[in-house]
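A.B. asks: If you want my numbering, it's the position in the sequence shown, counting the first as 1, plus 68.
The following block contains the structure, expressed as structure tokens.
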Amino acid sequence: MITTKLTTITDKNTWDSLHEQTKEYNIYQTFEWGEFKKTEGWEPKRFMLKTDDIDFTIAQALEKKFLNKKIIWLPGGPIFSKNSSFKSYDSFLKEIVKHYSAYTFVLRINQQYPSHPTINFLLDKHGFIRPETKRTSGYTMYVNTTDFEKRTAKNWRLFRNYKASLKNDFDFIVCNDDSLYSDVLKIYNETVTLKKLKNVPDFSHIYTLHKYLRDNVLTFIVRHNGIAVSAMVVLKCRTMAFEYMAGTSHEGRKTYSSHFLIYKILEWLKDNGIELFDLSGVDPKDDGVFTFKRGIGGELIQFVGEWEISNSFFLKKMLNMYLIMQN
């Protein structure tokens, strides 16, 4: 069906089929992610606009409604077909704004597509602006698993630390059930304390997330003398994987367990058909994490990122003030 009007998709198989045909897809635009977000009070709505047989744009919008007001969040989207000429994207932006104009609304996107002048131009054209307060840095790093060994070997410091980690009697564990989440959360909380981090996400929802994403949630653990010292949870989506949460204990820092962990994860992903590993954001203000992720072969990517549009100055201001308090 070809239509220049916004179409609502409710069938999972239809959405999955469209998602599989998109370029720069991500886990946050999957049907399962939307169902998971229902448990946090969001209502997923899935839209499609198709201008011809090969050019379509889709987006999973998460809504929260109170009175006649709506806050809409598009995590990772919109996304579009592999052969898109941006014609459908242009029409999609026009129609999504028209769709929500029946309400007092603020619509925020966080498009995980490499920064592109045409996309930025079209967002400007349809009245989107950069938000006052951002939830993300707008940057990430991609690691191509096919040649990560060569890239890692070029970084003498990281490779030296990985070699040093091999002197320890580590156990590397991979599972796709929820049996190791207590270890993961313990390590994560210790990391937060060690780094004196503030206003960090609460990842206790990881058990609920697993109920919806199932085999697409992978847990990687490194144990030393039977004790978990490093952990990472990774979300899998076709031939891509996304870092979701990670941490290393005080003991793990002394034994370079994080270097051992990331090297073994990349080996595992490569051996299991994952071509691209998204390290899920880098903060320009955190030199240590940036250097570590760059050292394992990460290619710095700047996304189209966060943009917003609203027909209410006060609602937009309230949302940005709320995000400032969260940050």
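Each residue gets a CB set at the ideal place from its N, CA and C atoms; glycine is no exception.
To the nearest angstrom, how far is the alpha carbon of Lys113 from that of Phe104?
C.D. replies: The alpha-carbon atoms of Lys113 and Phe104 are separated by roughly 13 Å.
A.B. asks: With a threshold of 6 Å on Cβ separation, who are the neighbours of Glu258 within its own chain once the five nearest residues in sequence on each side are excluded?
C.D. replies: These residues qualify, in order along the chain: Ser317.
A.B. asks: My parser needs the alpha helix (DSSP H) runs of 4 or more residues fully inside the region 321-349; what are they?
C.D. replies: Taking only runs of at least 4 residues, the alpha helix (DSSP H) segments lying wholly in the region 321-349 are 325-339.
A.B. asks: Secondary structure at Trp83, three-state DSSP: helix, strand or coil?
C.D. replies: If DSSP states are grouped into helix, strand and coil, Trp83 belongs with the helices.
A.B. asks: Nearest to Val174 by alpha carbon, out of Lys91, Lys222, Ile187 and Pro199?
C.D. replies: Closest by alpha carbon: Pro199.
A.B. asks: Kindly confirm or deny that the region 213-230 and the region 363-379 touch, where touching means at least three C-beta pairs closer than 8 Å.
C.D. replies: The answer is yes - the region 363-379 touches the region 213-230, with three or more Cβ pairs under 8 Å.
A.B. asks: If distances are taken between C-alpha atoms only, which option among Asp158, Ala299 and Leu277 comes closest to Tyr256?
C.D. replies: Considering only alpha carbons, the answer is Ala299.
A.B. asks: Can you find the residues in the same chain that come closer than 7 Å, C-beta to C-beta, to Val260, ignoring five residues on each side of it along the sequence?
C.D. replies: Same-chain partners within the cutoff: Val268.
A.B. asks: Checking 7 Å against the spacing of the C-beta atoms, do Thr204 and Ile392 come in under that value?
C.D. replies: Taking 7 Å as the Cβ cut-off, Thr204 and Ile392 do not qualify as a contacting pair.
A.B. asks: Where does Tyr331 land, buried or exposed, given buried means 16+ other C-beta within 10 angstroms?
C.D. replies: Buried, by the Cβ-count rule.
A.B. asks: Span of the beta strand (DSSP E) holding Ile139?
C.D. replies: That run of the beta strand (DSSP E) goes Lys137 to Gly144.
A.B. asks: Compute the Euclidean distance between the alpha carbons of Phe227 and Ala221, then round it to the nearest angstrom.
C.D. replies: Going from the Cα of Phe227 to the Cα of Ala221 covers about 6 Å.
A.B. asks: Measure the C-alpha to C-alpha separation of Gln180 and Glu311 and round it to an integer number of angstroms.
C.D. replies: Looking at the two C-alpha atoms, the distance is approximately 14 Å.
A.B. asks: My output table needs one value for His292: the three-state DSSP class, helix, strand or coil.
C.D. replies: Three-state result, His292: strand.
A.B. asks: My guess is that Thr119 and Ser159 are in contact by the Cβ rule of under 8 Å, so how many angstroms apart are they, rounded?
C.D. replies: That pair is a contact at about 6 Å.
A.B. asks: On the DSSP letters alone, give me the boundaries of the beta strand (DSSP E) that Thr399 sits inside.
C.D. replies: Nothing about residue 399 can be reported from this structure: the residues present for the chain run from 69 to 395 only.
A.B. asks: Tell me whether Trp101 sits in a helix, a strand or coil according to DSSP, three-state version.
C.D. replies: Looking at Trp101 - three-state DSSP - the assignment turns out to be helix.
A.B. asks: Cα-Cα, which of Phe115, Ala170 and Asn236 is closest to Arg321?
C.D. replies: For the residues Phe115, Ala170 and Asn236, the minimum Cα distance to Arg321 belongs to Asn236.
A.B. asks: Could you tell me which of Val302, Arg306 and Leu329 sits nearest to Met313, measuring between CA atoms?
C.D. replies: Taking only the C-alpha atoms, the option nearest Met313 is Val302.
A.B. asks: Below 7 Å CB to CB, which residues in the same chain sit around Ala232 once its five sequence neighbours on both sides are set aside?
C.D. replies: Cβ neighbours of Ala232 beyond the five flanking positions: Tyr324.
A.B. asks: Locate the beta strand (DSSP E) running through Glu311, then write down its first and last residues.
C.D. replies: Segment Met308 to Thr316, the beta strand (DSSP E) holding Glu311.
A.B. asks: Could you check where the beta strand (DSSP E) with Leu234 kicks off and where it finishes?
C.D. replies: Careful: Leu234 lies outside any beta strand (DSSP E) and carries neither H nor E.
A.B. asks: By the 10 Å Cβ neighbour count, where 16 or more other Cβ atoms means buried, how is Cys305 classified, buried or exposed?
C.D. replies: Buried is the call here.
A.B. asks: For Glu108, count the other beta carbons within 10 Å of its own beta carbon; 16 or more makes it buried, fewer makes it exposed. Which is it?
C.D. replies: Its Cβ having fewer than 16 others within 10 Å, Glu108 is exposed.
A.B. asks: Which runs of the alpha helix (DSSP H) fall wholly inside the region 186-238 and span at least 4 residues, in chain order?
C.D. replies: Listed in chain order, they are 216-221 and 224-233.
A.B. asks: Determine the burial state of Gln394: buried for a count of at least 16 other Cβ atoms within 10 Å of its Cβ, exposed for fewer.
C.D. replies: Classification for Gln394: exposed.
A.B. asks: Please name the residue, chosen from Ala309, Pro182 and Ser247, that lies closest to Phe371 on a Cα-to-Cα basis.
C.D. replies: That would be Pro182, whose Cα lies nearest to the Cα of Phe371.
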